[in-house]
Amino acid sequence: MVSLCILSCTQQEIKFMPNTLEQFRPGYHFTPDIGWMNDPNGLIYIDGEYHLFFQHYPDSTVWGPMHWGHAVSKDLLNWEELPIALFPDSLGYIFSGSAVYDVENSSELGTKENPPLVAIFTYHNPLQEKAGALNFQTQGLAYSVDKGKTWSKYAANPVILNPGIRDFRDPKVTQITKKDGKKSWLMTLAVKDKVQFYESSNLKNWSLLGEFGKGIGAHGGVWECPDLIPMKAPDGSEKWVLLVSINPGGPQKGSATQYFIGDFKQGVFTPDDTMIRWLDYGPDNYAGVTWSNLPSEQDRNLWIGWMSNWDYAQVVPTSKWRSALTLPREVSLFEVDGTLLLKSTPARELVQLRKTSYTISNNESLLPSTSVEILAEVSNDTQFSLTLSNELGEELVISKEMGLVTLDRRKSGKTDFNRDFAAALSAPMSWEAESIRIFLDASSVELFVNEGELVLTAILFPATPWKKVKFNQGLDAIKIVDLQ
Ligand code: FRU
1 MVSLCILSCT QQEIKFMPNT LEQFRPGYHF TPDIGWMNDP NGLIYIDGEY
51 HLFFQHYPDS TVWGPMHWGH AVSKDLLNWE ELPIALFPDS LGYIFSGSAV
101 YDVENSSELG TKENPPLVAI FTYHNPLQEK AGALNFQTQG LAYSVDKGKT
151 WSKYAANPVI LNPGIRDFRD PKVTQITKKD GKKSWLMTLA VKDKVQFYES
201 SNLKNWSLLG EFGKGIGAHG GVWECPDLIP MKAPDGSEKW VLLVSINPGG
251 PQKGSATQYF IGDFKQGVFT PDDTMIRWLD YGPDNYAGVT WSNLPSEQDR
301 NLWIGWMSNW DYAQVVPTSK WRSALTLPRE VSLFEVDGTL LLKSTPAREL
351 VQLRKTSYTI SNNESLLPST SVEILAEVSN DTQFSLTLSN ELGEELVISK
401 EMGLVTLDRR KSGKTDFNRD FAAALSAPMS WEAESIRIFL DASSVELFVN
451 EGELVLTAIL FPATPWKKVK FNQGLDAIKI VDLQ
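The opening position of the sequence shown corresponds to residue 1 in this note's numbering, with each subsequent residue numbered one higher.
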């Protein structure tokens, strides 16, 4: 169809021509309209809207001077991209960070009647870095008095100076209630190979409380983008979960997010054990953090991550835009053989995407579009598998065998942009797999075993869309849902 109208195309035809440059643009995952994106930042809910800020370089499809891009959604499914919220300034690029609603105007950046939203981010000064200094990352504030629409930088930035450590970034701030009933702000900051906890009563003056992580957990790379989240264990007790992204050193090489479960008191985080555990065993889930200020009736910890990997993020075959975010997920605790683990379930809103669904009785089906959800029960936990394919013979194989859940993207299409991209990506699962839920989009797959007890997220670039799915063995009650 494309070649047919090369010589004489009317405007109408051009409009409906498949845009091959956009063939990898997801249908229901967030991507910036143009330019580069990495980490989600400043996630905050206010007045019925989920705000999403993100590391953004609008002038190129590779990483550069970082801005905070901005998008909002009322349902976590449809995102509207808004004007850029924060631009680099004389103090540096705007690196990752978080945002809080300062209801009591403790920062005095708004008024009691109109409290501010406050963003806390890292300033990265490229000139100081080039000059060989070590203290080029500091923490700064910006605030919004119109519920997140527009932002102003705090005049007395930075609010935390650098003590001479190269990697000193990604502040995640949350409000805690202390023993005496007083509220205070708690910041978790990534500091080279550990996190530090800081406390403040006004978001401007911070004091160091304690630190965690030296020699504990995975240390194949620098620690980045932490998040400290209070959560309910299945027995009702309160636990604290610490997410820490590391790059490199992930289970599939490159970037990944590990977590620790434990207790947190007065600046001291005590993990239940020191095992290394991963939030997602796939290669393409990094720097994810949770939303702040969710209404308590939502009763969930809502999380989203960057769906790429620093090993190849800047060379994946998309043009105009680069990188999508993962699906929004709800993170919670569950128990296996007396041990608490972290589970990530697709956000409850995602069922609203479901259009037509098909139940499969034989073991093969055509796919209705590039936006598809596949659900199945596992009838044989020791061995199951399914294969997605297109007419070019490219394949994605999903399986469990010998206690390993695997996404095999070795033959998944374009892979030659990176030496290690074409790989079989495995995760150990020692407990029983009962169900699988798979989300396919134009250039990604997200596999949730037992509603997120084990997760694998991967990006893929099939030369033509997946056409067919074949259920080889071990799966039952199969349902295919068109999300488009
Ligand atoms: C994580 C990260 C952060 C940093 C940001 C810069 O992907 O390296 O540590 O703030 O990206 O864009």
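For every residue, glycine included, the Cβ atom is placed at its ideal position computed from N, Cα and C.
Note that the structure is a prediction, hence the values are computed from the model and not measured.
When the beta-carbon positions are compared, Leu279 and Met307 stay at least 7 Å from each other.
In the three-state reduction of the DSSP assignment, Glu81 falls in the strand class.
Proximity of the beta carbon of Ala142 to the ligand FRU is not indicated: no heavy atom of the ligand is located closer than 6 Å. Annotation: Phe269 to Trp466 spans about 45 Å, alpha carbon to alpha carbon. The Cβ atoms of Lys479 and Thr359 sit closer than 7 Å to each other. Within 10 angstroms of the beta-carbon of Gly215 lie fewer than 16 other beta-carbons, which makes it exposed.
With respect to the C-alpha of Arg437, the residue from Ala347, Asn309, Asp146 and Leu203 having the closest C-alpha is Ala347. Per DSSP, Gln266 lies in no alpha helix (DSSP H) and is assigned neither H nor E. As far as DSSP is concerned, Pro295 takes part in no beta bridge.
Using a cutoff of 6 Å, the CB of Gln55 counts as near the ligand FRU, since one of the ligand's heavy atoms is closer than that. In the three-state scheme derived from DSSP, where H, G and I count as helix and E and B as strand, Gln55 is classed as strand. By the CB criterion at 7 Å, Gly413 and Ala463 fall inside the cutoff.
The stretch 75-83 makes no contact with the stretch 168-184: fewer than 3 CB pairs, one atom from each, lie closer than 8 Å. For Glu394, there is no enclosing alpha helix (DSSP H), since its DSSP letter is neither H nor E. Each residue's CA atom was taken as its position, placing Ser385 and Trp206 some 52 Å apart. Segment contact: the stretch 293-307 against the stretch 388-398, fewer than three CB-CB distances shorter than 8 Å; contact not assigned. Nearest in C-alpha terms to Asn450, of all of Tyr45, Leu208, Glu108 and Val405, is Val405.
Looking at Leu52, Ser389 and Glu224, the one whose alpha-carbon comes closest to that of Trp303 is Leu52. DSSP, read as helix, strand or coil, puts Val118 in strand.
The criterion of a C-beta distance shorter than 7 Å is not satisfied by Ala99 and Leu127.
Runs of the beta strand (DSSP E) spanning 3 or more residues and lying entirely within the stretch 452-478 occur at 454-459 and 468-473, in chain order. Contact between the stretch 250-258 and the stretch 151-164 is absent: fewer than three C-beta pairs spanning the two stretches fall below 8 Å.
Arg166 has its CB no nearer than 6 Å to any heavy atom of the ligand FRU. In this structure, Met307 has its beta carbon at no less than 6 Å from each heavy atom of the ligand FRU.
At least one heavy atom of the ligand FRU is found less than 6 Å from the C-beta of Met66. As the crow flies, the alpha-carbon of Leu447 is around 40 Å from that of Val145.
A residue is called buried once 16 or more other Cβ atoms fall within 10 Å of its Cβ, and Gly148 is buried on that count. In the DSSP assignment, Ser344 is bridged to Val331. Exclusion of Asp75 from the 6 Å shell around the ligand FRU follows from its C-beta lying no nearer than that to any non-hydrogen atom of the ligand.
Listed in chain order, the non-local C-beta contacts of Asp227 below 6 Å within the same chain comprise Lys172, Leu243, Val289 and Thr290, local neighbours out to five positions each way being set aside. Around the C-beta of Ile246, 16 or more other C-beta atoms lie within 10 Å, and the residue is accordingly described as buried.
Boundaries cannot be given for Pro251, as no beta strand (DSSP E) includes it and DSSP labels it neither H nor E. Shown here for Phe168: same chain residues with a beta carbon closer than 6 Å to its own, the five before and five after excluded, namely Gln137, Asn162 and Val191 in chain order. Residues Phe384, Ala433, Glu434, Ser435, Ile436, Gly474 and Leu475 of the same chain have their beta carbon placed closer than 7 Å to that of Val378, with the five preceding and five following residues left out of the count.
Bounds of the alpha helix (DSSP H) holding Leu127 are Pro126 to Lys130. In the three-state reduction of the DSSP assignment, Ala313 falls in the helix class.
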